[in-house]
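Order-wise, the sequence lines are chains A and B. Taking the working numbering, the leading residue of the first sequence gets 16, the next gets one more, and so forth. Taking the working numbering, the leading residue of the second sequence gets 20, the next gets one more, and so forth. We treat Cβ as the ideally placed atom computed from N, Cα and C, and that holds for glycine.
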Amino acid sequence: MDVQQLLNGLFVGSIYALFAIGFTLVFGVLDRLNLAHPAVFTVAAFVGIELVAVGGLSIWAALPVVFVVGGLLGLVIEQVAFRPLKGRADAHFAGLISSIALAGMFIALLQWRYGPDTKRFPAESFPETTYKVLGAQVTGVQVAILLITIVLAVGLHLLVGRTRLGRSMRATAENPTAARVVGVNVDRVSATTLAISSALGAVAGALFAMNVNSAQLGMGGAIELKGLAVIVVGGMASLPGALVGGLLLGLAEVFTVQYIGSSWRDLVAFGLLFLILVVRPQGLFGTRKVREV
Amino acid sequence: MTGLTGPILTVEDLRVRYGRVEAVRGVSFDAAAGELVTLVGANGAGKSSIINAVSGLVRPRGGRILFEGRDITRTPAHRLVRSGLVQVPEGRQILATLTVEENLRLGAPRRAGIGEVYGRFPVLAERRRSPAGTLSGGEQQMLAIGRALVARPRLILLDEPSMGLAPRIVDEVFGVIGEIRSSGTTVVLVEQNARRALRAADHGYILASGEIVHSGPAAELLGDDRVVQAYLGVET
Numbered sequence: 016m017d018v019q020q021l022l023n024g025l026f027v028g029s030i031y032a033l034f035a036i037g038f039t040l041v042f043g044v045l046d047r048l049n050l051a052h053p054a055v056f057t058v059a060a061f062v063g064i065e066l067v068a069v070g071g072l073s074i075w076a077a078l079p080v081v082f083v084v085g086g087l088l089g090l091v092i093e094q095v096a097f098r099p100l101k102g103r104a105d106a107h108f109a110g111l112i113s114s115i116a117l118a119g120m121f122i123a124l125l126q127w128r129y130g131p132d133t134k135r136f137p138a139e140s141f142p143e144t145t146y147k148v149l150g151a152q153v154t155g156v157q158v159a160i161l162l163i164t165i166v167l168a169v170g171l172h173l174l175v176g177r178t179r180l181g182r183s184m185r186a187t188a189e190n191p192t193a194a195r196v197v198g199v200n201v202d203r204v205s206a207t208t209l210a211i212s213s214a215l216g217a218v219a220g221a222l223f224a225m226n227v228n229s230a231q232l233g234m235g236g237a238i239e240l241k242g243l244a245v246i247v248v249g250g251m252a253s254l255p256g257a258l259v260g261g262l263l264l265g266l267a268e269v270f271t272v273q274y275i276g277s278s279w280r281d282l283v284a285f286g287l288l289f290l291i292l293v294v295r296p297q298g299l300f301g302t303r304k305v306r307e308v
Numbered sequence: 020m021t022g023l024t025g026p027i028l029t030v031e032d033l034r035v036r037y038g039r040v041e042a043v044r045g046v047s048f049d050a051a052a053g054e055l056v057t058l059v060g061a062n063g064a065g066k067s068s069i070i071n072a073v074s075g076l077v078r079p080r081g082g083r084i085l086f087e088g089r090d091i092t093r094t095p096a097h098r099l100v101r102s103g104l105v106q107v108p109e110g111r112q113i114l115a116t117l118t119v120e121e122n123l124r125l126g127a128p129r130r131a132g133i134g135e136v137y138g139r140f141p142v143l144a145e146r147r148r149s150p151a152g153t154l155s156g157g158e159q160q161m162l163a164i165g166r167a168l169v170a171r172p173r174l175i176l177l178d179e180p181s182m183g184l185a186p187r188i189v190d191e192v193f194g195v196i197g198e199i200r201s202s203g204t205t206v207v208l209v210e211q212n213a214r215r216a217l218r219a220a221d222h223g224y225i226l227a228s229g230e231i232v233h234s235g236p237a238a239e240l241l242g243d244d245r246v247v248q249a250y251l252g253v254e255t
């Protein structure tokens, strides 16, 4: 086993995981697929670069700002793409389409503001120091990617499991009407859930841009399918599933590139995910029937 | 509340419509503080629609609802829960994946009410860490009632609390309803088990096709041959 490749896989994988956790959170709590999530990922990458290049912030100071920007975008998504349609019989499909439309607008605004070209962080944005881990070279950014993902995933786990908001989220996930009966403000839970989800997606986008030192308008499309595949393989609506699924996908990609060839990357990675689903149709952490009542 | 001369709940000319179906067609009734009022009638008479309109789950098409003198016709459910009006919904609607205690804490603004509920329903205290879905039907009904009581409501709306329960459990549920009422909380009870509900109630309203067809003190309704023959059926 090549330690360097293992670590590289974990770094990429944790970005996928962070993206997928946000994706699956909205699916699990609100029973909606938010296809504006990849656009938030993209917006955050450009905003992160702008904060460093124009705003003069360090990359570490830019991340909390990106988190907040993502949260605000989540509130916009909820207000614009989901809330006006919530009473409709076809709210699932309608929300899916309107979130795609909103994603298109986000990307159009990015293109208007930044043009079609790839953006990069200014030179010397990244710390020079590298660390030796079991003979492998690791950069400060890579360490940060792993730590931030762990902190956010654990934080979300505690939030959902231990807090009043988390109980309200789980109640809404299981049965929105029953949640309203006991006094849960379901509209506010919806808005908060989208804000948290989008904040996580935004941090994933900024970290991704740091990891490859570039942001492109199309980057959301590339991770969208991966994110969907990861949440299906992890088990729809499962947060641990999204985490493990994301890491697995990252590792599969990196090892395929290393040992088979870069043109085989998607084929092998998605083939593996496909195999997992053949063996475990409900996904790694999924239950056969999540929703009841 | 005390000090109010009027009824705690007043419903005036309530109308509820689902698409083209008019489920409630101009219903008016009220409940005095501390009273147990029952709405009885066959399936589809509009009982649950009335309860859902009062508790803010369904938006009425017309009419007015006053709680402690305040107009709550358009107040959403979660705000009513905080102001002392709670519903125990039909089919219990407990949250099966949450533990018993989490179900109770959802309903409780503060933790204080939870201890009282455990005191009243020891079985819930024993099962506090279990997912609510693992409780028996009767226990789930106690949880649904307990979850409403943690908010320390002044008005509690019970929708078909005896539905699907064994006769022994039904007795238990009616016992609890009596206790709630004795503690001073106003109760509006909706039941298909009309005779049983009228025996427990002070005041009764009999519904048919979305309208009130008879009303009066519960004892009088039970003694009225026309009512008994038309709506209550033969006692078994």
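> In the DSSP assignment, what residue or residues form a beta bridge with Gln-374(A)?
Replying inline: There is simply no residue 374(A) to check, as chain A begins at 16 and stops at 308 in what is shown.
> In chain order, what residues of the same chain lie with their CB nearer than 7 Å to the CB of Leu-258(A), ignoring the 5 residues before and after it?
Replying inline: The beta carbon of Leu-258(A) is closer than 7 Å to those of Ala-32, Ile-36 and Ala-168 in its chain, skipping five residues each way along the sequence.
> Going by the beta-carbon positions, is the gap between Val-55(A) and Gly-216(A) smaller than 8 Å?
Replying inline: Their beta carbons are under 8 Å apart, which means Val-55(A) touches Gly-216(A) by this criterion.
> Using a Cβ-Cβ distance under 8 Å, would Glu-93(A) count as near chain B?
Replying inline: No, because no Cβ of chain B sits closer than 8 Å to the Cβ of Glu-93(A).
> For Ala-340(B), which three-state DSSP category applies?
Replying inline: Given a span of 20 to 255 for chain B in the structure shown, any question on residue 340(B) remains unanswerable.
>> Using 8 Å for Cβ pairs, my map puts Thr-154(A) next to Met-184(A). What's the rounded Cβ distance?
In response: No, Thr-154(A) and Met-184(A) are not in contact; Cβ-Cβ is about 35 Å, not under 8 Å.
> Is it right to say Asp-3(B) is buried, meaning 16 or more other beta carbons lie within 10 angstroms of its own, or is it exposed?
Replying inline: An answer regarding residue 3(B) cannot be provided, because it is not within the stretch 20 to 255 covered by chain B.
> Can you list the residues of chain A that Pro-108(B) reaches, using a CB-CB cut of under 8 Å?
Replying inline: Ordered by position in chain A, the residues that pass the 8 Å Cβ test against Pro-108(B) are Thr-192, Ala-193 and Val-196.
> Considering only residues of the same chain and omitting the five flanking positions on each side of Val-41(A), which have a CB-CB separation below 8 Å?
Replying inline: Scanning its chain for C-beta atoms nearer than 8 Å, with the 5 sequence neighbours on each side dropped, one finds around Val-41(A) the residues Arg-47, Leu-48, Asn-49, His-52, Thr-208, Leu-209 and Ser-212, in chain order.
> List, in order along the chain, the chain A residues whose C-beta lies closer than 8 Å to that of Gln-112(B)?
Replying inline: The contacting residues are Asn-190, Thr-192, Ala-193, Val-196 and Val-308.
>> Can you pull the chain A neighbours of Gly-126(B), defined as C-beta to C-beta under 7 Å?
In response: Near Gly-126(B) (Cβ distances below 7 Å), the residues of chain A are Val-197 and Gly-198.
>> Taking 8 Å as the threshold (beta carbon to beta carbon), is Ala-104(A) in contact with chain B?
In response: So no, Ala-104(A) is outside the interface.
>> Between which residues of its own chain and Trp-75(A) is the CB-CB distance below 6 Å, once the five residues before and five after are set aside?
In response: Closer than 6 Å at Cβ, skipping near neighbours: no residue.
> Taking Cβ-Cβ distances shorter than 7 Å, what residues in chain A pair up with Thr-116(B)?
Replying inline: Under the 7 Å cutoff, chain A gives Arg-185 and Glu-189.
>> According to DSSP, is Ser-74(B) part of a helix, a strand, or is it coil?
In response: The answer is coil: DSSP assigns Ser-74(B) none of H, G, I, E or B.
> When you compare each of Pro-137(A), Gly-260(A) and Val-196(A) to Phe-38(A) by their alpha carbons, which one comes out closest?
Replying inline: If you compare the alpha carbons of Pro-137(A), Gly-260(A) and Val-196(A) with that of Phe-38(A), the shortest gap goes to Gly-260(A).
>> Distance check for Leu-45(A) and Glu-191(B), CA to CA, integer angstroms please.
In response: The alpha-carbon of Glu-191(B) is positioned some 37 Å away from that of Leu-45(A).
> Mapping DSSP to helix, strand and coil, what is Arg-83(B)?
Replying inline: For Arg-83(B), the secondary structure class from DSSP, reduced to helix, strand or coil, is strand.
> So, does the CB of Arg-98(A) fall closer than 8 Å to a CB anywhere in chain B?
Replying inline: No, no contact with chain B.
> Which residues in the same chain as Val-169(B) place their Cβ atom closer than 6 Å to its Cβ, once the five residues preceding and following it in sequence are excluded?
Replying inline: Close CB contacts of Val-169(B) within its chain, under the 6 Å cut and outside five residues either way in sequence, are with Leu-123, Gly-126, Ala-127, Gly-132, Ile-133 and Val-136 (chain order).
>> How far does the beta strand (DSSP E) with Gln-106(B) in it extend, from its first residue to its last?
In response: Taken as a continuous stretch (DSSP letters only), the beta strand (DSSP E) holding Gln-106(B) covers 104-107.
>> Taking the alpha-carbon of Ala-67(A) as reference, which of Phe-136(A), Thr-302(A), Gln-157(A) and Ile-92(A) has the nearest alpha-carbon?
In response: Just to set this straight, residue 67(A) is Val in the shown sequence, not Ala. Of the listed residues, the one whose Cα sits closest to Val-67(A) is Phe-136(A).
> Straight-line CA distance for Pro-172(B) to Asn-23(A)?
Replying inline: Asn-23(A) has its alpha-carbon roughly 57 Å from the corresponding atom of Pro-172(B).
> Just how far apart, CA to CA, sit Thr-255(B) and Arg-214(B)?
Replying inline: With a pLDDT of only 49 at Thr-255(B), under the threshold of 50, the placement of this residue in the model should not be trusted, and no figure is reported.
> Would you call the stretch 79-98 of chain B and the stretch 57-66 of chain B touching, i.e. three or more CB-CB distances under 8 Å?
Replying inline: Cβ pair count under 8 Å is below three, so no.
>> Here's the rule I'm using: 16 or more other beta-carbon atoms within 10 Å means buried, otherwise exposed. How should Met-120(A) be labelled?
In response: Here Met-120(A) is exposed, its C-beta having fewer than 16 other C-beta atoms within 10 Å.
> From which residue to which residue does the alpha helix (DSSP H) around Tyr-274(A) run?
Replying inline: It spans 254-274 - the alpha helix (DSSP H) in which Tyr-274(A) sits, taken as one unbroken run.
>> Is the separation between the beta-carbon of Val-197(A) and that of Arg-166(B) shorter than 8 Å?
In response: Yes, the Cβ-Cβ distance between Val-197(A) and Arg-166(B) is below 8 Å.
> Counting Cβ pairs closer than 8 Å, one from the stretch 107-120 of chain B and one from the stretch 145-152 of chain B, do we hit at least three?
Replying inline: Yes, they touch.
> What number of angstroms, rounded off, separates the C-alpha of Gln-19(A) from the C-alpha of Arg-177(A)?
Replying inline: Cα-Cα distance, rounded: 37 Å.
> Is Tyr-224(B) near the ligand ATP, judged by its Cβ being under 7 Å from some heavy atom?
Replying inline: This structure lacks the ligand ATP; in fact it carries no ligand of any kind.
> Around the C-beta of Ala-219(A), are 16 or more other C-beta atoms found within 10 angstroms, so that it is buried, or is it exposed?
Replying inline: Under this definition Ala-219(A) is a buried residue.
> With 16 as the cutoff for other CB atoms within 10 Å, does Lys-147(A) come out buried or exposed?
Replying inline: Counting the other Cβ atoms within 10 Å of the Cβ of Lys-147(A) gives fewer than 16, which makes it exposed.
>> Please state the DSSP three-state secondary structure of Arg-203(A).
In response: Under the three-state reduction of DSSP output, Arg-203(A) falls in the helix class.
>> At the 8 Å Cβ level, is Ala-170(B) part of the contact set with chain A, yes or no?
In response: Output row for Ala-170(B): interface = yes.
>> Determine, for Gly-22(B), whether the minimum Cβ-Cβ distance to residues of chain A falls below 8 Å.
In response: Per-residue confidence for Gly-22(B) stands at a pLDDT of 48, beneath the threshold of 50, marking its modelled position as unreliable; the derived number appears in the next sentence. Chain A contact via Cβ: absent.
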